[in-house]
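Remarks on the structure that follows.
Protein chains: 2
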Amino acid sequence: MSANENSTTSGPTTLVHAMQILQVTARGGHRGASIDDYLNALSFSRPTLYRLLKGLKQQGFLRPSPIRGRYLLGYELLVLGAQAGNGAGLRDLARPRLLALAQRWGDSFYLFARDGVNAVCLEVQNGAYPVGSFVRATGGRLPLGVGQASIALLAYLGADERNEILSHNAERLIDEYAIAIADIDAEIAHQLKHGYARGVEGSLLPEYSGLAIPILDHSGHPLGAMSCSMLKSRMTEDHKREVLQGMQEEVAAMVNQAHGLLYLD
Amino acid sequence: MSANENSTTSGPTTLVHAMQILQVTARGGHRGASIDDYLNALSFSRPTLYRLLKGLKQQGFLRPSPIRGRYLLGYELLVLGAQAGNGAGLRDLARPRLLALAQRWGDSFYLFARDGVNAVCLEVQNGAYPVGSFVRATGGRLPLGVGQASIALLAYLGADERNEILSHNAERLIDEYAIAIADIDAEIAHQLKHGYARGVEGSLLPEYSGLAIPILDHSGHPLGAMSCSMLKSRMTEDHKREVLQGMQEEVAAMVNQAHGLLYLD
DNA sequence: CGAGTTCATCTCACTAAATGAGACATAGCC
DNA sequence: GGCTATGTCTCATTTAGTGAGATGAACTCG
Numbered sequence: 001m002s003a004n005e006n007s008t009t010s011g012p013t014t015l016v017h018a019m020q021i022l023q024v025t026a027r028g029g030h031r032g033a034s035i036d037d038y039l040n041a042l043s044f045s046r047p048t049l050y051r052l053l054k055g056l057k058q059q060g061f062l063r064p065s066p067i068r069g070r071y072l073l074g075y076e077l078l079v080l081g082a083q084a085g086n087g088a089g090l091r092d093l094a095r096p097r098l099l100a101l102a103q104r105w106g107d108s109f110y111l112f113a114r115d116g117v118n119a120v121c122l123e124v125q126n127g128a129y130p131v132g133s134f135v136r137a138t139g140g141r142l143p144l145g146v147g148q149a150s151i152a153l154l155a156y157l158g159a160d161e162r163n164e165i166l167s168h169n170a171e172r173l174i175d176e177y178a179i180a181i182a183d184i185d186a187e188i189a190h191q192l193k194h195g196y197a198r199g200v201e202g203s204l205l206p207e208y209s210g211l212a213i214p215i216l217d218h219s220g221h222p223l224g225a226m227s228c229s230m231l232k233s234r235m236t237e238d239h240k241r242e243v244l245q246g247m248q249e250e251v252a253a254m255v256n257q258a259h260g261l262l263y264l265d
Numbered sequence: 266m267s268a269n270e271n272s273t274t275s276g277p278t279t280l281v282h283a284m285q286i287l288q289v290t291a292r293g294g295h296r297g298a299s300i301d302d303y304l305n306a307l308s309f310s311r312p313t314l315y316r317l318l319k320g321l322k323q324q325g326f327l328r329p330s331p332i333r334g335r336y337l338l339g340y341e342l343l344v345l346g347a348q349a350g351n352g353a354g355l356r357d358l359a360r361p362r363l364l365a366l367a368q369r370w371g372d373s374f375y376l377f378a379r380d381g382v383n384a385v386c387l388e389v390q391n392g393a394y395p396v397g398s399f400v401r402a403t404g405g406r407l408p409l410g411v412g413q414a415s416i417a418l419l420a421y422l423g424a425d426e427r428n429e430i431l432s433h434n435a436e437r438l439i440d441e442y443a444i445a446i447a448d449i450d451a452e453i454a455h456q457l458k459h460g461y462a463r464g465v466e467g468s469l470l471p472e473y474s475g476l477a478i479p480i481l482d483h484s485g486h487p488l489g490a491m492s493c494s495m496l497k498s499r500m501t502e503d504h505k506r507e508v509l510q511g512m513q514e515e516v517a518a519m520v521n522q523a524h525g526l527l528y529l530d
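So the protein sequences, as listed, match chains U and V.
According to the working numbering, the first sequence is numbered sequentially starting from 1.
According to the working numbering, the second sequence is numbered sequentially starting from 266.
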């Protein structure tokens, strides 16, 4: 027994195994995963696999696929996930505001939160104009550094924490998104100076452009970020000013509401 | 607080315990749950609780609340939940269509799927006109029988299965929603005759009205339902006809697309 | 600033409970 | 009706999670 139970995967093995099963299932997308997928991705025996599958099914974490022998993620995850996305009640506060913005301006608006070294999309509201975006929907996850919302989040973390995150993500950022740390630093400076972020241009999605502003608590810590995305051609100076102002108003109102809610113990 | 003791939740106890922890956390809403919440809702010892909490945290199922000693649902659930909601790829197919409908008509449109004895909301797209609805968002769950989408789903199940569900839900339906089984049966008949459902009127949400149509696979089995909700005053004969036609067109197109996707092994 | 409270971790002995191997049963498929 | 792959069962083994209580760490409040 290694006295070196370290960072990788500790904790009750049943939990770890269950999680691995869910991950394998998720990896299968809407086709789910088959017994063989599990058996050759995982390291435990078949009876054990079936026992866990059964348990996960009973908990609602998995459901049988229409295709025999395949498994899909269960709706309990959806329900819990909906709750999970409402950290600090932010999502409920943001939803109608994102909708209003999208309807008013026709662009697409997003709510993001930090999740470790990633930014996770808590809510999307698409507008009438089509957009491309790194995240397609709620639950999308990006390494911090990608996208304007990332910048807005990073800018208000401590410098040490920020650097840790960025060096952790550096490789992925350059490899998968063609984004250099130096450029991120520059955009963070822009965020801090002007109060909004524009996102770093990588080689991906060159036709789209965006804006983001942070959602800060009373102590200046970022609770999340609101962002928007649009075709670059739509981003005139006027439009940018209008949209930014709209977002700022909505966020200010949200923060006010939040202060009312957060502290009723 | 329901004395909802899980009578036959078998399976690895660690899984069951983990699930209970998640449920308790979820019950706490955006405030999460505290150690005491766990300790007095659950039946295992404190060290065990902490071990599981730690494990769940490492798996991303939980995260620490800003308030020390409280726990929130983790973003991994959100990510998995987003996947889970895309059963058979239906959600991805539906999202842009719901958006188009909402923008065109200004009402609110929903995608539902069956989840055991419940209907679960996979996607919502609100329109410009305000609505009240039983589900507020993705992940909302209703007992089958409530709402127009339920009717559309129930109508295409086998009679035996349907009756089993309805008798299972009967008590909740009458107690919580003031809906009688006989009325549901009548609406199911309407669905089968006219191809769309209107929902059963209970005493709740009397000012709102809705429509729903099923999404059927090639063998007539319901994959889900698309529904809409609007202020009763907006539901003129003309508007109803228009919206129904819009929904039917979108669903038909979805089903076509789905057939293209479902069977590429 | 120090006492008091609550959160979180550690150690250790114990045994319940998960595991693996392989046989058995069942469902779908040609 | 055979064939293949999915799902279940039994049973001995021992891992791996458990409880009790002590200890350490973090925050609170007087």
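Think of the CB as a built atom: it goes at the ideal place given N, C-alpha and C, for glycine as much as any other residue.
Given the structure is predicted, the values throughout are model-derived calculations rather than measurements.
How is the beta strand (DSSP E) around residue i delimited, first residue to last?
i                     : result
residue 498 (chain V) : Here residue 498 (chain V) belongs to no beta strand (DSSP E), and DSSP marks it neither H nor E.
residue 390 (chain V) : 383 to 390
residue 12 (chain U)  : Element bounds for residue 12 (chain U): n/a, residue is neither H nor E.
residue 373 (chain V) : 373 to 380
residue 474 (chain V) : 473 to 481
residue 335 (chain V) : 335 to 338
residue 98 (chain U)  : Residue 98 (chain U) -> not in any beta strand (DSSP E); alpha helix (DSSP H) instead, spanning 90 to 105.
residue 62 (chain U)  : 62 to 64
Is the beta carbon of residue j closer than 8 angstroms to that of residue i?
i                     : j                     : result
residue 29 (chain U)  : residue 37 (chain U)  : no
residue 150 (chain U) : residue 131 (chain U) : no
residue 307 (chain V) : residue 289 (chain V) : yes
residue 202 (chain U) : residue 228 (chain U) : no
residue 26 (chain U)  : residue 345 (chain V) : yes
residue 198 (chain U) : residue 148 (chain U) : yes
residue 56 (chain U)  : residue 21 (chain U)  : yes
residue 129 (chain U) : residue 231 (chain U) : yes
residue 157 (chain U) : residue 214 (chain U) : no
residue 316 (chain V) : residue 12 (chain U)  : yes
residue 88 (chain U)  : residue 258 (chain U) : yes
residue 127 (chain U) : residue 103 (chain U) : yes
Below 7 angstroms CB to CB, which residues in the same chain sit around residue i once its five sequence neighbours on both sides are set aside?
i                     : result
residue 8 (chain U)   : At residue 8 (chain U), the pLDDT of 42 sits below 50, so the modelled position is not reliable and the matter cannot be decided from this model.
residue 270 (chain V) : Because residue 270 (chain V) carries a pLDDT of 34, less than 50, the predicted location of this residue cannot be relied on, and no value is offered for it.
residue 426 (chain V) : none
residue 248 (chain U) : 213
residue 35 (chain U)  : 69
residue 196 (chain U) : 211, 212, 213 and 244
residue 270 (chain U) : Residue coverage of chain U in this structure runs from 1 to 265, which leaves residue 270 (chain U) outside it and unanswerable.
Cutting at 6 angstroms between CB atoms, please list the residues of its own chain near residue i, excluding the five before and the five after it.
i                     : result
residue 267 (chain V) : Because residue 267 (chain V) sits at a pLDDT of 34, beneath the cut-off of 50, its placement in the model cannot be relied upon, and the point is left open.
residue 511 (chain V) : 366
residue 200 (chain U) : 179, 183, 184 and 187
residue 265 (chain U) : Unreliable placement is indicated for residue 265 (chain U), whose pLDDT of 37 sits below 50; the coordinate value is still reported in the next sentence. So no residue of the chain qualifies.
residue 105 (chain U) : 243
Just to confirm my understanding: we take residue i, look at its own chain, exclude 5 residues before and 5 after, and list those with CB closer than 8 angstroms. What are they?
i                     : result
residue 409 (chain V) : 379, 382, 383, 384, 415, 418, 419, 430, 431 and 434
residue 469 (chain V) : 399, 442 and 443
residue 99 (chain U)  : 125
residue 172 (chain U) : 143
residue 473 (chain V) : 396, 397, 398, 494, 495, 496 and 497
Could you tell me how far apart the beta carbons of residue i and residue j are, in whole angstroms, since I believe they sit closer than 8 angstroms?
i                     : j                     : result
residue 358 (chain V) : residue 489 (chain V) : At roughly 10 angstroms, the Cβ-Cβ gap does not stay under 8 angstroms, so residue 358 (chain V) and residue 489 (chain V) are not in contact.
residue 313 (chain V) : residue 138 (chain U) : 33 angstroms between Cβ atoms; not a contact.
residue 226 (chain U) : residue 251 (chain U) : 6 angstroms
For the alpha helix (DSSP H) containing residue i, list its first residue and its last residue.
i                     : result
residue 144 (chain U) : Run containing residue 144 (chain U): none; DSSP gives neither H nor E here.
residue 304 (chain V) : 300 to 306
residue 49 (chain U)  : 46 to 58
residue 162 (chain U) : 159 to 177
residue 201 (chain U) : Unbroken run through residue 201 (chain U): none, as it is neither H nor E.
residue 190 (chain U) : 181 to 194
Hey, would you say the C-beta of residue i is under 7 angstroms away from at least one heavy atom of the ligand SAM?
i                     : result
residue 415 (chain V) : The ligand SAM is absent from the structure shown, which contains no ligand whatsoever.
Inset, instruction - Please confirm if the segment 325 to 342 of chain V is in contact with the segment 449 to 459 of chain V, defined as three or more CB-CB distances below 8 angstroms between the two stretches. - result: no
Inset, instruction - Please confirm if the segment 163 to 179 of chain U is in contact with the segment 231 to 246 of chain U, defined as three or more CB-CB distances below 8 angstroms between the two stretches. - result: no
Inset, instruction - Would you check if there are 3 or more beta carbon pairs closer than 8 angstroms linking the segment 120 to 140 of chain U to the segment 214 to 221 of chain U? - result: no
Legend entry - Cβ pair count under 8 angstroms reaching 3, the segment 314 to 334 of chain V against the segment 62 to 71 of chain U: no
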